[in-house]
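Note that the protein sequences, when read in sequence, are chains A and B.
Heads up: the first sequence at position 383 corresponds to 769 in the working numbering, and the numbers run straight through without jumps.
Heads up: the second sequence at position 20 corresponds to 406 in the working numbering, and the numbers run straight through without jumps.
Number of protein chains: 2
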Amino acid sequence: MQENSLKSSPADLTAVEAVRAISAEKMSCEALALACIERIEAQENICAWAYFDRDTVLAAARAADKAPSRGLLHGVPFALKDIIDTADMPTAHGSPIYENNQPNWDAPCVAACRAAGAIPFGKTVTAEFAHVQPGPTRNPYNLKHTPGGSSSGSAAAVGAKMVPAAFGTQTTGSAIRPAAFCGTVGYKPSYGDFCLTGVRDNSPSLDTLGLITRSVDDLALFRSVVMVLPYQPLSSVSLSDLRIGLCRTPWWDEAEASTQQLLTDTAGTLSVAGARVSDFLMPEGAAELVAAMRDVSGFEFARVMLHERLRHGDQLSQKLLNGRVADGIACSYETYRSALAALEAYRTSLSAAMADFDLLLTPSAAGEAPEGIDSTGKPMFNLPWTATYVPAVTLPAAFGPKGLPLGFQLIGHRNQDARFLAAVKAVERFLNEKSK
Amino acid sequence: MQENSLKSSPADLTAVEAVRAISAEKMSCEALALACIERIEAQENICAWAYFDRDTVLAAARAADKAPSRGLLHGVPFALKDIIDTADMPTAHGSPIYENNQPNWDAPCVAACRAAGAIPFGKTVTAEFAHVQPGPTRNPYNLKHTPGGSSSGSAAAVGAKMVPAAFGTQTTGSAIRPAAFCGTVGYKPSYGDFCLTGVRDNSPSLDTLGLITRSVDDLALFRSVVMVLPYQPLSSVSLSDLRIGLCRTPWWDEAEASTQQLLTDTAGTLSVAGARVSDFLMPEGAAELVAAMRDVSGFEFARVMLHERLRHGDQLSQKLLNGRVADGIACSYETYRSALAALEAYRTSLSAAMADFDLLLTPSAAGEAPEGIDSTGKPMFNLPWTATYVPAVTLPAAFGPKGLPLGFQLIGHRNQDARFLAAVKAVERFLNEKSK
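Below you can see the structure in the form of structure tokens.
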């Protein structure tokens with residue numbers, strides 16, 4: 387992290403803290419916006435932004451200071467992965483095909499945040515069509531390393547404290563992994579909870595809108611706004627009420643030593659602090675999820691991309707064409723249907739296996755962000771939770787041997803996100819107290 | 387039906403017949419296009435089209451005649467419900483908000499058909515955002531009657547033989563009902579089979595792309611193109627191989643006498659012809675599907691429509707705001723999740739109950755198309771099959787006391803659409819032979 391980010395600034399506030407300060411008239415929307423703009427301009431070498439216009443943002447903040455009505459997110463800056471439609475900014479999908487593409491509406495998630503008073507700061511860099519070909523974004527903790535992807539710019543912008551919150555998406559590991567690599571809090575809701583209208587499809591049976599913030603309270607606040615539900619602060623949960631399963635997954639041996647250590651240490655300290663921690667074995671068939679996910683995402687992505695493949699094939703990357711598209715062309719309808727059925731069956735198995743647990747504790751990624759920006763890292767620690775539609779949060783917990791952030795991932799019960807986030811908050815509080 | 391449509395014309399051909407004639411060089415693409423254009427211009431009083439440009443269509447047909455490669459749908463005219471994105475025609479969603487809205491891409495279903503050589507003839511009138519506020523379209527069999535909706539123009543255009551095929555969508559009964567009212571073959575595939583990318587969302591948990599044609603073979607041909615699957619003509623099925631369940635549904639008393647008669651007569655004649663026909667009782671809970679569907683579609687639609695509600699509320703109809711949007715605002719998250727769970731449970735019940743049947747036979751609508759164009763008719767005979775994600779086809783079978791078409795609906799097993807369409811074809815063949 388660069389030095390100027392260490393100075394205290396309104397840009398360091400979480401969304402909840404910012405709303406409180408603005409509401410108490412201790413800070414203007416303009417002051418917050420200016421601090422965020424300053425941070426963005428100072429750290430533009432991380433290339434988090436696909437579109438950012440200082441004047442527009444500042445005008446919106448000044449208008450917010452004069453606005454009579456104050457929504458739940460009044461004056462809060464937020465960023466949008468560049469596959470989300472915005473009426474006043476282009477949406478380029480990380481592809482030259484859609485350079486300067488100007489939608490004529492706001493995706494509902496954008497409309498909801500604007501209506502709550504939040505200020506869309508700009509569009510953040512995405513891997514090409516939210517797949518794997520990276521954009522120019524760099525990790526804010528070390529410019530030589532990837533920020534992860536495909537929600538690269540969203541994670542980097544929040545990690546560098548340019549904005550308190552950003553939307554990403556996840557089809558395999560595209561929100562949780564970059565969030566962990568950039569030292570932020572990342573959230574993939576239960577499948578279907580957040581409306582994806584106006585967001586570019588990748589693989590509709592798997593796509594989920596995600597949120598990247600710097601606190602669990604912020605997740606809950608944005609969640610209520612996006613879902614247009616009455617806001618209730620998270621209920622207070624004690625660690626001693628939580629049954630936590632340490633889930634090493636079949637890919638444990640592929641995790642770096644520092645990540646393995648973080649997970650077992652965390653399980654130990656949570657147990658000492660009162661949580662009931664035990665090992666959680668994934669139901670049989672976890673390893674087979676990889677092939678099923680390849681078939682489902684391939685079959686759907688190859689079809690979603692038809693227009694671009696047929697009309698603009700020369701502007702698509704080889705990684706895209708030889709990756710998910712090739713997988714999809716090779717996948718028969720029968721194989722696709724079998725894969726969908728296998729995923730559905732595994733959802734039932736996992737749900738049964740989780741009956742005696744409130745949370746699972748599992749790696750967010752294999753380790754620190756890899757060196758180089760040609761690859762965004764491996765998704766196997768995210769894939770099972772996307773496949774099973776359960777909610778997932780990554781919390782920043784430590785730094786690895788290279789000085790890059792390490793997170794761990796918590797998994798909850800499907801469609802019980804409010805209860806899940808309350809439990810996650812108990813773990814976050816424990817981390818914060820421990821680090822004092 | 388107006389007199390000129392009774393004259394023999396290339397416009398009367400089905401897609402399969404047209405492809406055969408063009409392939410055998412008995413007809414040019416231009417001749418087919420001209421015949422369809424002539425039909426459109428002669429019958430424009432049905433107001434099927436939201437966008438139609440004679441010159442563009444004719445140029446495309448002439449280019450097709452010169453094209454060296456010939457796809458599965460070479461030269462076949464088709465229409466698109468005006469909520470489907472097209473790179474060269476506006477997409478207005480049946481709303482003044484999107485008048486002249488020009489997408490910069492083709493939805494994958496459009497791209498697939500173009501790549502197969504089909505010619506997009508234009509955009510057909512949709513009810514406002516594919517909900518219930520109708521456009522100006524009239525029933526081609528009687529201008530004083532509704533064509534049904536929300537895929538109003540698609541059904542009217544195919545019913546009037548302006549084009550052999552059109553895409554619609556269905557969230558409750560928006561493809562099957564208008565198809566039946568206009569004397570056409572309508573198809574709602576198993577949920578999730580046809581890619582909906584580039585098609586305006588209504589209620590994503592329920593939305594399905596649909597096809598309207600004048601033959602079951604055409605459904606199979608378009609299906610293979612849209613899904614980018616190898617084309618196989620439908621396998622030959624004998625009526626005596628089919629176990630058919632006559633499903634009166636809990637709404638039987640709301641069906642008109644002529645529809646009740648058509649269904650029981652059809653069950654009788656199919657039985658005489660060799661099919662094994664028996665009564666099928668829907669599993670308990672069918673009537674409760676209505677409330678669950680209201681909650682699911684309301685909750686989702688109210689959120690999908692956020693941008694328009696917030697920015698263009700004065701341009702939305704009262705029917706939309708007081709209908710599905712109001713339902714959605716009134717629906718809590720807990721009620722929504724319960725409703726989704728109830729639908730999922732009913733899918734399992736229905737699948738078990740259907741184990742001994744190949745097809746269900748059930749009304750396509752309550753009766754003939756109602757008089758007036760202010761309402762598109764009631765959807766209760768379509769709702770259970772949308773709710774349960776099963777494939778449905780309506781076949782035109784008779785005329786009612788007012789001289790308007792009557793159809794009946796066939797239902798198949800979820801995700802077994804190829805087998806389903808082969809069985810439906812056996813019934814269609816029986817109808818055609820009977821009418822000779």
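C-beta atoms are modelled at their ideal positions from N, C-alpha and C, and glycine is treated no differently.
Hey, does residue i have any beta-carbon neighbour from chain A nearer than 8 Å?
{"i": "B:Thr523", "result": "no"}
{"i": "B:Arg330", "result": "Only positions 387 to 822 of chain B appear in this structure, which leaves residue 330 of chain B out of reach."}
{"i": "B:Ala677", "result": "no"}
{"i": "B:Leu649", "result": "no"}
{"i": "B:His799", "result": "no"}
For residue i, would you say it is in contact with chain B, using Cβ-to-Cβ distances shorter than 8 Å as the test?
{"i": "A:Ser591", "result": "yes"}
{"i": "A:Arg723", "result": "yes"}
{"i": "A:Leu392", "result": "Because the pLDDT at A:Leu392 is just 47, under 50, the model does not fix this residue reliably, and the value given afterwards should be weighed accordingly. No, A:Leu392 does not count as interfacial toward chain B."}
{"i": "A:Ala498", "result": "yes"}
{"i": "A:Tyr437", "result": "no"}
{"i": "A:Tyr719", "result": "yes"}
{"i": "A:Gly534", "result": "no"}
Just to confirm my understanding: we take residue i, look at its own chain, exclude 5 residues before and 5 after, and list those with CB closer than 8 Å. What are they?
{"i": "A:Pro482", "result": "Gln701"}
{"i": "B:Thr650", "result": "Leu632"}
{"i": "A:Cys415", "result": "Ile408, Ala447, Arg448, Ala450, Asp451, His460, Gly461 and Ile505"}
{"i": "B:Asp803", "result": "Pro575, Ser576, Asp579, Arg609 and Pro777"}
Tell me, please, which residues DSSP counts as bridged to residue i.
{"i": "B:Arg662", "result": "B:Arg629"}
{"i": "B:Phe372", "result": "Only positions 387 to 822 of chain B appear in the structure, and residue 372 of chain B is not among them; the question remains open."}
{"i": "A:Pro506", "result": "A:Phe464"}
{"i": "B:Leu796", "result": "B:Leu747 and B:Val779"}
{"i": "B:His531", "result": "B:Glu757 and B:Gly758"}
{"i": "A:Ala551", "result": "A:Phe464"}
{"i": "B:Asn525", "result": "B:Asn528"}
Give every residue of the same chain whose Cβ lies closer than 6 Å to the Cβ of residue i, excluding the five residues on either side of it in the sequence, and list them in chain order.
{"i": "B:Asp603", "result": "Val402"}
{"i": "B:Ala543", "result": "Ala434, Ala465, Thr510, Val549 and Ala552"}
{"i": "B:Ala561", "result": "Ser537, Gly554, Gly572, Lys574 and Gly596"}
{"i": "B:His479", "result": "Ile469, Phe515 and Arg586"}
{"i": "B:His843", "result": "A query on residue 843 of chain B cannot be resolved here, the shown segment of chain B reaching from 387 to 822 and no further."}
{"i": "A:Thr512", "result": "Lys467, Asp468, Ile469, Gly480 and Ser536"}
{"i": "A:Asp713", "result": "Arg680 and Gly684"}
{"i": "B:Trp771", "result": "Ala778 and Ile797"}
Give me, in chain order, the residues of the same chain whose beta-carbon lies closer than 7 Å to that of residue i; leave out the 5 immediate sequence neighbours on both sides.
{"i": "A:Gln388", "result": "Because the pLDDT at A:Gln388 is just 44, under 50, the model does not fix this residue reliably, and the value given afterwards should be weighed accordingly. Cβ within range, chain order: Gln429."}
{"i": "B:Cys717", "result": "Asp681, Gly684 and Phe685"}
{"i": "B:Ala769", "result": "Per the sequence shown, the amino acid found at residue 769 of chain B is Leu instead of Ala. Closer than 7 Å at Cβ, skipping near neighbours: Thr558, Gly559, Leu675, Val676 and Met679."}
{"i": "B:Ala502", "result": "Gly457, Leu458, Leu459 and Val611"}
{"i": "A:Phe666", "result": "Gly631, Leu632, Cys633, Phe743 and Leu746"}
{"i": "B:Leu726", "result": "Ser591 and Val682"}
{"i": "B:Ala493", "result": "Ile470, Asp471, Thr583, Gly584 and Val585"}
Please determine whether the Cβ atom of residue i lies at a distance below 7 Å from any heavy atom of the ligand PLP.
{"i": "B:Ala565", "result": "For the structure depicted, the ligand PLP is absent and the ligand set is empty, with no information on it obtainable."}
Chain A contacts made by the segment 595-626 of chain B, where a contact means CB separation under 8 Å:
Met613, Val614 and Leu615
Using a Cβ cut-off of 8 Å, which residues of the segment 570-587 of chain B contact any Cβ in chain E, in chain order?
Absence of chain E from the displayed structure is noted, the protein chains being A and B.
Extract the residue ranges of the beta strand (DSSP E) inside the segment 417-496 of chain B, only unbroken runs of 3 or more that lie entirely within it.
435-438 and 463-467
Entirely enclosed alpha helix (DSSP H) segments - the segment 553-600 of chain B, minimum 4 residues
562-567
Could you list the residues in the segment 672-700 of chain B with a C-beta less than 9 Å from some C-beta on chain A, going in chain order?
Glu686, Ala688, Arg689, Val690, Met691, Leu692, His693, Glu694, Arg695, Leu696 and Arg697
Quick one: which residues of the segment 485-518 of chain B get their C-beta closer than 7 Å to a C-beta of chain A? List them in chain order.
Asn487, Asn490, Trp491, Asp492, Pro494, Ala497, Ala498 and Ala501
Let me know the alpha helix (DSSP H) ranges lying completely inside the segment 721-779 of chain B, each 4 residues or longer, listed in chain order.
769-773
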